[in-house]
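Protein chains in written order, with our numbering: chain A, 25 to 601; chain B, 16 to 89.
Below is one structure, written out as C-alpha cells, with a few remarks after it.
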Amino acid sequence: MADRIYRVNMSDLTVRVEDVREQWSGLGGRGLTSTIVAAEVEPTCHPLGPRNKLVFAPGLLSGTVTANSGRLSVGAKSPLTGTIKESNAGGTASQLLARLGLKALIIEGQPEKESLYSLHVTADGVAIAEEPDLAGKGNFAVVNVMLERYGEKTGVISIGPAGEMKMAIANISVKDPEGKVRSAGRGGLGAVMGAKGVKCITISVPREAAVPIAEPEKFKAAVKIFAKALLEHPVSGQGLPTYGTAVLINVINEAGGLPTRNFRSGQFEQHDAISGETMHDLIEERGGKIRHGCHAGCVIQCSQVFNDAGGKYKTSGFEYESIWAMGADCCVDNLDQIAEADSLMDDIGVDTIETSVTMGVAMEGGLLPFGDGAGIIRILDQDVRTGTPLGRLIGGGAAVVGKAYGVTRVPVVKNQAIPAYDPRAVKGIGITYCTSTMGADHTAGYAVATNILKVGGDVDPLKKEGQVELSRNLQIATAALDTAGLCIFVAFPALDIPEAFTAIVDMINARFGISLTADDVTELGKNILRTEHEFNLAAGFTNKDDRLPEFFSTELLPPHNVIWDFTGEEIDEFWNF
Amino acid sequence: MRVTIRLFANFRIGRCKQESREYDSPVTVRDIVEELGIPAPEVGIIFINGRNADMDQALAEGDNLSLFPLVGGG
Numbered sequence: 025m026a027d028r029i030y031r032v033n034m035s036d037l038t039v040r041v042e043d044v045r046e047q048w049s050g051l052g053g054r055g056l057t058s059t060i061v062a063a064e065v066e067p068t069c070h071p072l073g074p075r076n077k078l079v080f081a082p083g084l085l086s087g088t089v090t091a092n093s094g095r096l097s098v099g100a101k102s103p104l105t106g107t108i109k110e111s112n113a114g115g116t117a118s119q120l121l122a123r124l125g126l127k128a129l130i131i132e133g134q135p136e137k138e139s140l141y142s143l144h145v146t147a148d149g150v151a152i153a154e155e156p157d158l159a160g161k162g163n164f165a166v167v168n169v170m171l172e173r174y175g176e177k178t179g180v181i182s183i184g185p186a187g188e189m190k191m192a193i194a195n196i197s198v199k200d201p202e203g204k205v206r207s208a209g210r211g212g213l214g215a216v217m218g219a220k221g222v223k224c225i226t227i228s229v230p231r232e233a234a235v236p237i238a239e240p241e242k243f244k245a246a247v248k249i250f251a252k253a254l255l256e257h258p259v260s261g262q263g264l265p266t267y268g269t270a271v272l273i274n275v276i277n278e279a280g281g282l283p284t285r286n287f288r289s290g291q292f293e294q295h296d297a298i299s300g301e302t303m304h305d306l307i308e309e310r311g312g313k314i315r316h317g318c319h320a321g322c323v324i325q326c327s328q329v330f331n332d333a334g335g336k337y338k339t340s341g342f343e344y345e346s347i348w349a350m351g352a353d354c355c356v357d358n359l360d361q362i363a364e365a366d367s368l369m370d371d372i373g374v375d376t377i378e379t380s381v382t383m384g385v386a387m388e389g390g391l392l393p394f395g396d397g398a399g400i401i402r403i404l405d406q407d408v409r410t411g412t413p414l415g416r417l418i419g420g421g422a423a424v425v426g427k428a429y430g431v432t433r434v435p436v437v438k439n440q441a442i443p444a445y446d447p448r449a450v451k452g453i454g455i456t457y458c459t460s461t462m463g464a465d466h467t468a469g470y471a472v473a474t475n476i477l478k479v480g481g482d483v484d485p486l487k488k489e490g491q492v493e494l495s496r497n498l499q500i501a502t503a504a505l506d507t508a509g510l511c512i513f514v515a516f517p518a519l520d521i522p523e524a525f526t527a528i529v530d531m532i533n534a535r536f537g538i539s540l541t542a543d544d545v546t547e548l549g550k551n552i553l554r555t556e557h558e559f560n561l562a563a564g565f566t567n568k569d570d571r572l573p574e575f576f577s578t579e580l581l582p583p584h585n586v587i588w589d590f591t592g593e594e595i596d597e598f599w600n601f
Numbered sequence: 016m017r018v019t020i021r022l023f024a025n026f027r028i029g030r031c032k033q034e035s036r037e038y039d040s041p042v043t044v045r046d047i048v049e050e051l052g053i054p055a056p057e058v059g060i061i062f063i064n065g066r067n068a069d070m071d072q073a074l075a076e077g078d079n080l081s082l083f084p085l086v087g088g089g
C-alpha cells in the first residue's frame with residue numbers, strides 16, 4: 025500500500041485521504057513537517073488562527089526495527105516564537121502512524137464554535153467526535169480515558185488545560201509504552217492544537233500492519249551495525265542508561281556553564297543535591313527504575329522511573345533540562361519538589377524548560393523568592409492549571425513575564441527560553457541559540473558535545489574559534505537525524521564511530537530501495553535549514569533577530585568571568601553555506 | 016602542594032566524591048588517575064579549575080581536578 029497523507033479540516037470537520045506528492049516522498053519527520061508548513065502556511069499568519077496548520081510526521085525509519093527510531097515530529101508556525109517550528113517526542117505514536125502507512129497527518133482550519141474534539145486515526149481515515157467531557161482534563165486523565173475506550177495499545181497524542189487555553193508555553197504530549205507521557209515540548213505547539221479545537225488524537229493500528237522494507241537483507245545488516253554502535257559507545261551504552269541526562273548537572277556545573285539564579289552565575293552551590301548521581305542513588309533506594317525507554321526499540325534507555333520518598337511513582341523522563349531549569353535556574357535544591365513540579369507540568373501540558381525559566385524571570389521580578397519550590401508548585405497547580413490571571417501571565421512564557429515585571433535579564437532568543445548551558449561559558453551552543461530556525465534550542469545543534477563532552481572532536485568552549493562552523497555542521501546533521509525519526513542521542517556514537525553514520529544512510533536506502541550517499545544526506549539537512557530560514561525571513565525576521573539578549577555581552581559570568589563576545593557579522597557567517 | 020580531587024558518576028564507586036591530597040613532587044593528571052586506579056581509557060572529561068584539560072597537564076598548588084567518565088545528555 026502506498027504511503028498516504030490524512031488531512032483534517034477543522035473548519036468544516038471533513039477529512040481527506042491524499043496520495044503523497046512526489047517531491048515529499050523522500051521526506052519524513054522534521055524534513056516533511058517543515059516542508060509542508062513552508063509550502064502551505066502563510067508566514068505572516070497568526071499562529072492561533074485558522075490559516076496555521078499543525079503537521080504530525082513519523083520519521084523515515086519510524087515503525088521499523090531500527091533502534092531509537094520512534095521520534096514523532098510536530099510542526100507549525102509557533103505562537104511562542106513566530107518562527108517555523110518543529111518539536112519532536114518519543115512515545116508510541118510515531119511507530120503507529122508509520123505502520124498505518126501515514127507520511128503525515130495535517131490539521132488545518134478552525135471550528136466555528138468553541139468546542140473540543142477528538143480525532144481517531146485508523147487505516148480507514150479519521151473519525152472526528154465532540155468531547156465536551158474532556159474539557160479541562162490533564163494529560164494523564166485523557167490518556168486513561170482513551171486507553172479504556174480503545175485499548176492499551178492505542179497511541180494517544182493530547183494537550184492539557186494549558187493547550188486548551190492557548191498558552192504559549194503549552195506542549196503536546198505523546199503516550200509512552202507505560203501509559204505515561206513524553207512531550208513535544210518547545211514552541212507552544214500545544215496552543216496550536218488547542219486553537220484547532222483538538223484535545224486528543226488516538227491511533228489504532230491493525231495487528232498485522234507493518235512498514236514495508238524494500239531490501240530486507242541489507243536493512244537487517246545495517247540495523248545490526250547501528251544497534252551495536254549505540255551499545256558500544258560509552259555515552260549511549262553506559263553513561264546515559266545509568267545516570268540519565270541529569271549526569272550533566274555536575275559536568276556543566278564543573279565547567280562553569282550551569283545557568284544559576286536566572287543566569288547570574290555558571291555554578292550552583294547545591295549542585296550535588298540535584299545531580300544525576302544523587303538521582304541514581306535515590307532511585308535505587310526507593311525502588312524506582314534506573315533504565316527506561318521512551319519508545320519501544322530504544323536501546324539507550326536514558327529515561328528512568330523516579331519514586332517519591334514513600335516508594336510511590338512520581339515521574340519518569342526526569343531530564344537534565346527540567347531539573348536544571350527549576351533547580352539551578354530557580355535555585356531549588358530539592359529533587360522531590362522538582363519531581364513534583366515535573367509531573368504537574370506533564371499533566372497540565374507545559375514545556376518544562378520554558379515554564380521554569382519563566383519562573384526564574386518571575387523570581388527576578390519579585391513574584392517569589394529564589395529557591396521557593398513550594399511556591400512554584402502552588403502557582404503551577406492553582407494558577408497555570410486553572411488559568412487565573414497570574415496563570416495566564418506565566419503561560420505567556422519568559423519574554424512576556426520579563427516585560428510584565430520590568431526585568432532586563434530575560435534569557436530568550438526569538439522569545440524562546442534559553443536552556444541549560446550558559447552561552448558565555450559554552451560559546452558553541454550560543455551560536456546555535458542565535459542561529460537556530462527555532463529560537464533558542466540546544467537540540468538544534470548540540471555543540472556542548474564537542475565543547476565540553478569531547479565527543480566528535482574538541483573545540484574550546486571559552487574561545488570563539490571554530491564555533492560557527494561547529495554549530496553549522498551540527499545543525500545540518502541534526503536536521504537530517506530529525507528527518508529520519510532518530511533520537512538525538514544517536515549522534516554521540518554517530519559522531520565518533522564512522523560505521524554508525526554509514527549504517528544510518530544504509531538503513532534509509534534499504535528501507536526505500538534508494539541509493540542516497542552521505543553527501544545527499546548532508547544536502548538534505550542543508551535544504552531543511554534553508555527552507556525553515558526562508559519561512560522565518562518571510563515572516564519578518566532578520567539577521568538582527570539572530571542575537572543573544574544584551575546582558576550576555578555586558579555581565580560577566582562567574583566563575584570564569586566571561587562575556588558573550590561574538591559580533592553580528594561573525595554570527596551571520598553561519599548562513600554562509 | 017595541595018590538590019583537590021573531585022570524582023563523578025561511576026568513578027565515585029569504591030572511591031570518594033572529593034578529597035584533598037598532598038604531593039611533594041610535580042604531578043600530572045595521568046599520575047593521579049593511575050594512583051586512583053582508574054583505567055586511563057575510561058577517563059572522558061577532565062577539568063582543572065573548571066577548564067578542559069588533558070592527561071599530561073601538570074597540577075599546581077591549590078588546583079581543583081575534576082574527573083568524569085565519557086558521559087553525555089542534553
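For each residue, glycine too, the CB sits at the ideal point set by N, CA and C.
Query, Result
"Does any residue of chain A bring its CB to less than 7 angstroms from the CB of B/S35?", "no"
"Between the Cα of A/A219 and those of A/R315, A/H144 and A/A100, spot the shortest distance and give me the residue it belongs to.", "A/A100"
"With a 10 Å radius around its C-beta and 16 neighbouring C-beta atoms as the bar for buried, classify A/G211 as buried or exposed.", "buried"
"Kindly identify the DSSP beta-bridge partner or partners of A/N112.", "A/S97"
"Residues in its own chain within less than 6 angstroms of B/S81 by CB, not counting five upstream and five downstream?", "R21 and F62"
"How big is the Cα-Cα spacing for A/E241 and A/G87?", "17 angstroms"
"Look at the Cβ atom of A/V436, then the Cβ atom of A/A423, and state whether they are nearer than 7 angstroms.", "yes"
"Name the chain B residues whose beta carbon is nearer than 8 angstroms to that of A/H584?", "G65 and R66"
"What did DSSP end up calling A/R652 once you bin it into helix, strand or coil?", "Coverage of chain A is limited to positions 25 through 601, which leaves residue 652 of chain A absent and any answer about it impossible."
"Quick check on the DSSP output: what are the complete alpha helix (DSSP H) runs of length 4 or more inside the stretch 112-167 of chain A, in order along the chain?", "117-123"
"Quick check: the stretch 157-174 of chain A against the stretch 361-381 of chain A, are at least 3 beta-carbon pairs closer than 8 angstroms?", "yes"
"Could you tell me which residues DSSP pairs with A/I227 in its beta bridges?", "A/V145 and A/G179"
"Quick one: measure Cβ to Cβ for A/F394 and A/C355, integer angstroms, because I've assumed they're closer than 8 angstroms.", "4 angstroms"
"Below 8 angstroms on the Cβ atoms is my contact criterion, and I expect A/A128 with A/I60 to pass it. Report the Cβ-Cβ distance as a whole number of Å.", "6 angstroms"
"Give the interface partners of B/L85 over in chain A, defined as CB-CB distance under 7 angstroms, in chain order.", "P258, V259 and G263"
"Consider the Cβ of B/G89: report whether some Cβ of chain A lies at a distance smaller than 7 angstroms.", "yes"
"Measure how close the beta-carbons of A/F287 and A/R433 come, nearest whole angstrom, since I'm counting them as under 8 angstroms.", "6 angstroms"
"Let me confirm a value: A/H70 is counted as buried when at least 16 other C-beta atoms fall within 10 Å, else exposed. Which label applies?", "exposed"
"Quick check on A/S603: buried or exposed, where buried means 16 or more other Cβ atoms within 10 Å of its Cβ?", "Here chain A covers residues 25 to 601 and nothing more, so residue 603 of chain A does not appear."
"How is A/V247 classed by DSSP in three states: helix, strand or coil?", "helix"
"May I ask you to report which of helix, strand or coil DSSP gives A/P185?", "helix"
"Quick one: what does DSSP say A/C326 is sitting in, helix, strand or coil?", "strand"
"Going by beta-carbon coordinates alone, are A/G481 and A/T474 separated by less than 7 angstroms?", "yes"
"Mapping DSSP to helix, strand and coil, what is A/V205?", "strand"
"Using a C-beta to C-beta distance shorter than 8 angstroms, which residues of chain B count as neighbours of A/K478?", "G59, I60, N67 and L85"
"According to DSSP, which residues form a beta bridge with A/Y30?", "A/V41 and A/L129"
"Compute the Euclidean distance between the alpha carbons of A/V514 and A/P258, then round it to the nearest angstrom.", "12 angstroms"
"Listed from N- to C-terminal order along the chain, which residues in the stretch 466-490 of chain A have their beta-carbon within a distance smaller than 8 angstroms of any beta-carbon of chain B?", "H466, T467, Y470, V472, A473, I476, L477, K478, V479, D482, D484, P485 and L486"
"Tell me the DSSP bridge mates of A/N331?", "A/Y337"
"Identify which residue in A/L404, A/S340, A/A365 and A/M191 has its Cα closest to the Cα of A/G351.", "A/A365"
"Give the residues of chain A in contact with B/R27, contact being defined as C-beta atoms less than 9 angstroms apart.", "E301"
"Kindly give me the distance between the Cβ atoms of A/L115 and A/K199, rounded to whole angstroms, as I take these residues to be in contact under 8 angstroms.", "The residue asked about is misnamed: residue 115 of chain A is Gly in this sequence, not Leu. Right, their Cβ atoms sit about 5 angstroms apart."
"What's the C-alpha gap between A/H304 and A/I314?", "7 angstroms"
"State the CB to CB distance for the pair A/A398 and A/D360, rounded to an integer number of angstroms; the pair is presumed to be in contact (CB under 8 angstroms).", "That pair is no contact at about 11 angstroms."
"In terms of residue numbering, what span does the beta strand (DSSP E) encompassing B/E34 cover?", "Q33 to E37"
"Suppose contacts are defined by Cβ-Cβ distances below 7 angstroms. Is A/R95 in contact with A/C458 by that definition?", "no"
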